[in-house]
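Student: Here you go, one structure.
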Amino acid sequence: MKGSFKLGNIAGIGIFIHWSFSLIIAYIIYSNYRAGHNVEQITWSVIFILSIFMTVFLHELGHALAAKKYNIKTKDITILPIGGLARLERIPEKPSEELVVAIAGPLVNIALAVITGLFITIPDLKELTVQLTGGVNQSNFFLNFFIVNIWLAIFNLVPAFPMDGGRVLRAILSMKFERHVATNIAARIGQLLAIAFIFIGFNSNPFLIFIGLFIILGAQTEVEMTKTGFMLKGMLVKDVVMKSYETINGNDLVETAVKQLLNGQCKNFLVISNGHPTGSLSRDEIIEALSNNGNKATIDTVMNRDVLKCNIKEPIEIAYKKMLTSKNKLALVYDNEQFAGVLDLENILEFVMVKNAIGANK
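Here you go:
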């Protein structure tokens, strides 16, 4: 993810932290200073924020290690101000496997809460309110840590996409229904909860409105992605491969790409250098290159070199999901190491729309 800095590797997984995380630390220091807190309390507040994000990291690592059990690689884990993101190579489709991977994260939070609970005394409600008033300090640090992990476990187990609970619910439903049907049911249940969150948010906490909208959009995205995967079942890359496509030379300037972009309908270009495909260039990458480098930069300095490669006999459903996960809008297709064409994400979606329309008229 852009704007992220690598901290290292754990079990072959790259660990990144987004630069904006520093803004949270700065805000905590500033808000505590404005409230008149002393250096000791400010220090404990910063340590507590760091412990929360360590908890979020361990939550995501739980998903990653569970996925590794099923030979699913995790590209990286990024710590963001709003939480963590583990980029799995793919989401397991077997219900039992998805259930294990989805629930692994919340189980980490529950385990941390249980371990912390062994070393603290849980006060009654009145005493709890007193202890939690006035911010984090040495005496209530572990109590706050315990409560945060309980809250994270409960929140992530809400049965709504894109939270872990939505995937847990789908995994359970998939034991009886087709995956796309289970996804649709789980998404609708989640969206009903989202509407309830929005309604309550208008009457109490506005943050619930944000959560509700987040769930509605996330659920719809999951439904569409799963439906597309279902429509592509049984087909191979060779059924959708494009043998006629727009190319651009890696030695050309960005201004050449701009002209091609404006003079046609193509939004994703295959970059050719010395007669061989070496990368891809999307509309968004062209705009970004113009903003950062101007129109005189060469294509090979701004193109996407980490372009996905697919086998022509590979199931298109798998290739499609790889493209989504890797955020590649264009993929190179090979037949016995011989370049055979490209896959274009938009073209795949158009193919699904046509197939769906044909099916509706039968």
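Reminder that position 127 of the sequence shown reads as 1079 in this note's numbering, one-by-one numbering, no gaps. Virtual Cβ for every residue (Gly too), placed ideally from N, Cα, C.
Looking at the structure shown, is N1244 part of a helix, part of a strand, or coil, going by DSSP?
Tutor: Helix at N1244.
Student: Taking the continuous beta strand (DSSP E) assigned at S1225, which residues delimit it?
Tutor: Residues 1220–1225.
Student: Which stretch, first to last residue, makes up the beta strand (DSSP E) that contains K958?
Tutor: Residues 956–962.
Student: Whole angstroms are fine: how far does the CA of N1226 sit from the CA of I1251?
Tutor: Between I1251 and N1226, the C-alpha separation is close to 13 Å.
Student: Would you check if the region 962–972 and the region 1007–1016 touch, i.e. whether three or more CB-CB distances between them fall below 8 Å?
Tutor: Cβ pair count under 8 Å is three or more, so yes.
Student: Evaluate the contact criterion for the region 1260–1278 versus the region 1184–1200: three or more CB pairs, one atom per stretch, below 8 Å.
Tutor: Because the criterion of three Cβ pairs below 8 Å is met, the region 1260–1278 and the region 1184–1200 touch.
Student: Chain C beta carbons: is any one of them nearer than 8 Å to that of N1155?
Tutor: This model lacks chain C altogether; it includes just one protein chain.
Student: Indicate the three-state DSSP secondary structure (helix, strand or coil) for H970 in the structure shown.
Tutor: H970 falls in the strand class under three-state DSSP.
Student: Evaluate M1305 with the Cβ neighbour count: other Cβ atoms within 10 Å of its Cβ, from every protein chain shown; 16 or more gives buried, anything less gives exposed.
Tutor: M1305 is exposed by the Cβ-count criterion.
Student: Rounded to whole angstroms, what is the Cα-Cα separation between A1171 and A1139?
Tutor: When rounded, the distance between both Cα atoms is 5 Å.
Student: How big is the Cα-Cα spacing for V1259 and L1222?
Tutor: In a straight line, the C-alpha of V1259 is about 10 Å away from that of L1222.
Student: Taking only the alpha-carbon atoms, compute the straight-line gap between G1153 and Y979 and give it to the nearest angstrom.
Tutor: In a straight line, the C-alpha of G1153 is about 25 Å away from that of Y979.
Student: Quick one: is T1180 buried, meaning 16 or more other Cβ sit within 10 Å of its Cβ, or exposed?
Tutor: Looking at its Cβ environment, which holds 16 or more other Cβ atoms inside 10 Å, T1180 is buried.
Student: Rounding to the nearest angstrom, what Cα-Cα distance links M1177 and A963 in this structure?
Tutor: Their Cα atoms are separated by approximately 29 Å.
Student: So, N1096 versus P1058, is the Cβ gap smaller than 8 Å?
Tutor: No, the Cβ-Cβ distance between N1096 and P1058 is not below 8 Å.
Student: How many Å lie between G1036 and I1029 at the Cα?
Tutor: Their backbone Cα atoms lie some 7 Å apart in a straight line.
Student: Can you give the beta carbon distance from A1065 to N1101, rounded, assuming they're within the 8 Å contact cut?
Tutor: Going by Cβ atoms, the distance from A1065 to N1101 rounds to 4 Å, so yes, they are a contact pair.
Student: Counting pairs of Cβ atoms below 8 Å between the region 1186–1195 and the region 1134–1150, do you hit three or more?
Tutor: Counting Cβ pairs under 8 Å, fewer than three are found: no touch.
Student: Out of curiosity, what's the CA-to-CA distance linking L1282 and S1196?
Tutor: Near 13 Å, if we compare the C-alpha coordinates of S1196 and L1282.
Student: Based on Cα-Cα distance, which residue from R986, L1032, I1024, I994 lies nearest to L975?
Tutor: Comparing Cα positions, the closest option is L1032.
Student: Locate the beta strand (DSSP E) running through N1263, then write down its first and last residues.
Tutor: First-last of the beta strand (DSSP E) with N1263: 1260–1263.
Student: Would you kindly check if the distance between the Cβ of E1050 and the Cβ of A1123 is under 8 Å?
Tutor: Going by C-beta atoms, A1123 is nearer than 8 Å to E1050.
Student: Just confirm the distance between the C-beta atoms of N924 and L1017, as a whole number of angstroms; I'd bet it's less than 8 Å.
Tutor: The shown model of the chain, from 953 to 1314, leaves out residue 924, and the question about it has no answer.
Student: Could you say which of F1166, M1127, I994 lies nearest to A1112 if we only look at CA atoms?
Tutor: Of the candidates F1166, M1127, I994, the one whose C-alpha sits nearest the C-alpha of A1112 is F1166.
Student: For a quick check, are the C-beta atoms of P1047 and Y1022 less than 8 Å apart?
Tutor: Not in contact: P1047 and Y1022 (Cβ atoms no closer than 8 Å).
Student: Judging by CA-CA distance, which residue of M1255, E1174, I977 is the nearest neighbour of T900?
Tutor: In the structure displayed, the chain extends from 953 to 1314; residue 900 sits before or after that span and is not available.
Student: Quick test of your reading: L1242 and I1200, contact by CB under 8 Å. State the CB separation rounded to the nearest angstrom.
Tutor: With a Cβ gap of about 15 Å, L1242 and I1200 do not count as contacting.
Student: Whose CA, out of C1262, L1169, L1284, lies closest to the CA of N1220?
Tutor: Residue L1284 is the option with its Cα nearest to N1220.
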